[in-house]
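Note that the sequence shown covers residues 84 to 336 in our numbering. What follows is one structure encoded as structure tokens, with my remarks underneath.
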Amino acid sequence: MDKIKAFLVDDEYLERTLIKYSVPWDEIGFEIIGEANSGEEMIKQIESNKPDVIFTDVCMPFMDGLQMSKKIKEMFEDIEIIIITGHREFLYAKTAIGLGAFDYILKPIDKNELKDVSLKVKKHIEKKRKYINNNQNAANKVQKYSELVEKAIEIINNYLSDSTLSLKTIAEKLYVNPSYLCRLFKKETNKNITDYITGLRIERSLEYLNNTNLKAYEIAEKVGISDSHYFSICFKKYTGKSIQKYKKECISA
84 MDKIKAFLVD
94 DEYLERTLIK
104 YSVPWDEIGF
114 EIIGEANSGE
124 EMIKQIESNK
134 PDVIFTDVCM
144 PFMDGLQMSK
154 KIKEMFEDIE
164 IIIITGHREF
174 LYAKTAIGLG
184 AFDYILKPID
194 KNELKDVSLK
204 VKKHIEKKRK
214 YINNNQNAAN
224 KVQKYSELVE
234 KAIEIINNYL
244 SDSTLSLKTI
254 AEKLYVNPSY
264 LCRLFKKETN
274 KNITDYITGL
284 RIERSLEYLN
294 NTNLKAYEIA
304 EKVGISDSHY
314 FSICFKKYTG
324 KSIQKYKKEC
334 ISA
């Protein structure tokens with residue numbers, strides 16, 4: 084995964100230097116991409132040098148950390164902000180959180196606290212990235228298939244546990260010729276409908292195996308395969324392992 088891009092803002096050079104060398108940034112997945120000695124300078128740089136997170140002091144001349152944070156959140160809501168403040172400025176930190184700052188660190192800066200907060204914001208940013216990627220992938224899938232194939236997939240997902248689910252029953256629900264649906268589905272997904280359904284059923288069965296104590300025949304029924312022997316054959320075909328071997332190697336490990 085790409086490194087988290089961080090930017091440092093403080094009117095005191097020594098404070099910025101302290102932050103840079105207090106934590107092994109590269110080792111924990113960060114890259115310091117720039118620094119500024121004022122909020123105004125940060126605003127000027129941000130469009131051409133956009134970070135994932137900004138570590139900023141509160142008390143700075145011309146534009147303080149709170150004003151800068153508010154401005155940045157208006158421009159780029161997804162940028163996270165960590166406020167650095169002294170004990171006497173604690174109320175500023177609380178105000179910053181209200182403005183959308185992610186967290187704050189009190190001065191004098193403790194190396195362990197700085198690292199802990201950094202790892203916390205890193206985890207938060209990575210979750211956001213994953214969420215965005217998942218949504219983009221979902222959008223791509225929606226755009227990838229025709230409306231008819233999308234509806235067929237929707238029916239499969241909704242009726243997967245129904246052992247009567249088949250090309251014929253799906254075609255009937257969609258009022259189309261089964262042969263036509265079969266050809267179109269294969270053309271767009273590169274799988275025939277029967278294989279697609281079986282693959283999903285085995286994926287669902289893995290969830291039950293990993294998270295429940297259900298017996299194999301009970302899982303087979305839950306995923307829409309009424310014949311437990313046939314379920315065992317399909318399971319081995321799709322996973323390369325018998326159910327017993329999968330339980331022993333993958334679940335007990």
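Cβ coordinates follow ideal geometry from the N, Cα and C atoms, glycine included. As the structure is a prediction and not an experimental result, all values here were calculated from the model.
As a quick exercise: from the options, pick the residue whose alpha carbon is nearest that of residue i.
{"i": "residue 230", "options": "248, 267 and 242", "result": "267"}
{"i": "residue 271", "options": "281, 114 and 227", "result": "227"}
{"i": "residue 184", "options": "197, 165 and 194", "result": "165"}
{"i": "residue 307", "options": "281, 143 and 163", "result": "281"}
{"i": "residue 131", "options": "112, 107, 159 and 143", "result": "159"}
{"i": "residue 205", "options": "326, 87 and 193", "result": "87"}
{"i": "residue 191", "options": "199, 273 and 98", "result": "98"}
{"i": "residue 135", "options": "94, 100 and 162", "result": "162"}
{"i": "residue 233", "options": "104, 264 and 110", "result": "264"}
{"i": "residue 107", "options": "202, 169, 85 and 153", "result": "202"}
{"i": "residue 67", "options": "269, 85, 101 and 207", "result": "In the structure as shown, the chain begins at 84 and stops at 336. Residue 67 is therefore absent and cannot be evaluated."}
{"i": "residue 236", "options": "100, 260, 186 and 279", "result": "279"}
Could you have a look at residue i and say whether DSSP puts it in helix, strand or coil?
{"i": "residue 378", "result": "Residue 378 lies beyond the range of the chain shown here (84 to 336); nothing can be said about it."}
{"i": "residue 283", "result": "helix"}
{"i": "residue 140", "result": "strand"}
{"i": "residue 243", "result": "coil"}
{"i": "residue 306", "result": "coil"}
{"i": "residue 90", "result": "strand"}
{"i": "residue 318", "result": "helix"}
{"i": "residue 192", "result": "coil"}
{"i": "residue 301", "result": "helix"}
{"i": "residue 168", "result": "strand"}
{"i": "residue 148", "result": "helix"}
{"i": "residue 117", "result": "strand"}
{"i": "residue 209", "result": "helix"}
{"i": "residue 271", "result": "helix"}
{"i": "residue 237", "result": "helix"}
{"i": "residue 95", "result": "coil"}
{"i": "residue 160", "result": "coil"}
{"i": "residue 329", "result": "helix"}
{"i": "residue 311", "result": "helix"}
{"i": "residue 262", "result": "helix"}
{"i": "residue 230", "result": "helix"}
So residue i packs on residue j, CB below 8 angstroms; how close in whole Å?
{"i": "residue 90", "j": "residue 137", "result": "5 angstroms"}
{"i": "residue 361", "j": "residue 324", "result": "Residue 361 falls outside the range modelled here, since the chain spans only 84 to 336, and no answer is possible."}
{"i": "residue 129", "j": "residue 155", "result": "7 angstroms"}
{"i": "residue 292", "j": "residue 329", "result": "7 angstroms"}
{"i": "residue 283", "j": "residue 239", "result": "7 angstroms"}
{"i": "residue 250", "j": "residue 285", "result": "Incorrect: roughly 18 angstroms between the Cβ atoms, too far for contact."}
Looking only at its own chain, which residues have a Cβ that is under 7 angstroms from the Cβ of residue i, when we skip the five neighbours before and after it?
{"i": "residue 149", "result": "141, 175, 178, 179 and 182"}
{"i": "residue 188", "result": "165, 167, 196, 197 and 200"}
{"i": "residue 326", "result": "299, 315 and 318"}
{"i": "residue 260", "result": "254"}
{"i": "residue 287", "result": "243 and 306"}
Residues in its own chain within less than 8 angstroms of residue i by CB, not counting five upstream and five downstream?
{"i": "residue 125", "result": "90, 92, 119, 137, 139, 151 and 155"}
{"i": "residue 101", "result": "192"}
{"i": "residue 144", "result": "94 and 121"}
{"i": "residue 114", "result": "86, 87, 88, 89 and 108"}
{"i": "residue 207", "result": "163 and 185"}
Closer than 6 angstroms by C-beta to residue i: which residues in its own chain qualify, once you throw out the five before and the five after it? Chain order, please.
{"i": "residue 401", "result": "Residue 401 is absent from the structure shown; the chain starts at 84 and stops at 336."}
{"i": "residue 169", "result": "190"}
{"i": "residue 297", "result": "291"}
{"i": "residue 269", "result": "275"}
Between the segment 311-323 and the segment 295-303, are three or more C-beta pairs nearer than 8 angstroms? yes
Tell me whether the segment 193-212 and the segment 240-259 touch, counting them as touching only if at least three CB pairs, one residue from each stretch, are closer than 8 angstroms. no
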